[in-house]
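Visitor: Residue numbers (our numbering), protein chains in the order written: chain H, 1 to 130; chain A, 1001 to 1130.
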DNA sequence: CTGTATCCTTGAGGATACTG
DNA sequence: CAGTATCCTCAAGGATACAG
């Protein structure tokens, strides 16, 4: 964020905040990332997703899949067989997204302990007052 | 996400998903980014934040500030004057976070139109059925 | 000025029975 | 198998009056 922003207007800065939120909204759901990752190395079926993304409900799986498909992050292929067979695959756009998320992952790993410590300190500090 | 994952176990992949969510949780709130950006180029006061982060309610401003402070992303300095004066500043950790978010921003910009188009196509496709 | 307290609304998400 | 439909819960967030 380098102080160098001094010449940039307040509204321009908040516009950037908007762009960031735009990206986060596509990926901020509780299950989006898990699904995207599971679907990123080849086609994967509904039931298999249900197994790999631990804890997800059937409803949320369907909903999140629909949203990701709508945003063009997942491709859905239906085989007209009976019983039905449906495969989901991450699009190139989704793979790029994941690569962008790596920076964030590294940040989380780098500061994990610092954050835990900060929380502990904060809680300690504010428990005294009761 | 490069197919090269083939050798990586399913659980290892989902563990990565966890780390990503960890980072997103710190920044996923509706207002975190806006506040962080506003506080990232020097100390800023409560009222000034209320003005710059357009649309935020007083309650959410307070809550989000407390959370960010607790996680060690904001520093809060109180001047013992009357009326009170409080300044918030982004910590170095928060600035690093923003830099990690840049990749995400660029992704959003690069694919903005593609996503809009994908949505339009999807909606068109699914409106026909009614 | 910088909050806190209170009340309210909404939407995300969970559980699960049912269906083509 | 791959969903949809239904009902329910809870936490995020909004509005705003009040307080030190």
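Quick reminder that beta carbons are idealized off the backbone N, C-alpha and C, glycines included.
When we look at the beta-carbon of residue 79 of chain H and count the other beta-carbons within 10 Å, is it buried (16 or more) or exposed?
Guide: So residue 79 of chain H ends up on the exposed side.
Visitor: Along chain A, which residues have their Cβ under 7 Å away from the Cβ of residue 93 of chain H?
Guide: Simply 1111, 1114.
Visitor: Mind listing which residues of the region 44-66 of chain H have their C-beta closer than 8 Å to chain A's C-betas, in chain order?
Guide: Residues 52, 53, 54.
Visitor: Evaluate residue 20 of chain H with the Cβ neighbour count: other Cβ atoms within 10 Å of its Cβ, from every protein chain shown; 16 or more gives buried, anything less gives exposed.
Guide: buried
Visitor: Per DSSP, residue 1089 of chain A forms a beta bridge with which residues?
Guide: A:1075
Visitor: Return the chain-ordered list of same chain residues with a C-beta closer than 6 Å to the C-beta of residue 56 of chain H, the five sequence neighbours on each side being excluded.
Guide: 31
Visitor: Excluding five sequence neighbours on each side, which residues of the same chain lie with their C-beta closer than 7 Å to the C-beta of residue 114 of chain H?
Guide: none
Visitor: Just to make sure I have the definition right: I need the residues of chain H whose C-beta is within less than 8 Å of the C-beta of residue 1009 of chain A. Which are they?
Guide: Correct list: empty, because the minimum Cβ distance to chain H is about 11 Å.
Visitor: Going by DSSP, which residues form a beta bridge with residue 1045 of chain A?
Guide: A:1087
Visitor: Nearest to residue 37 of chain H by alpha carbon, out of H:122, H:120, H:97, H:125?
Guide: H:97
Visitor: I want to see whether chain H comes within less than 8 Å of residue 1012 of chain A, judged by CB atoms only; does it?
Guide: no
Visitor: Can you pull the chain H residues whose beta carbon is under 7 Å from the beta carbon of residue 1097 of chain A, in chain order?
Guide: 107
Visitor: Along the chain, where does the alpha helix (DSSP H) containing residue 1032 of chain A start, and where does it finish?
Guide: 1032-1038
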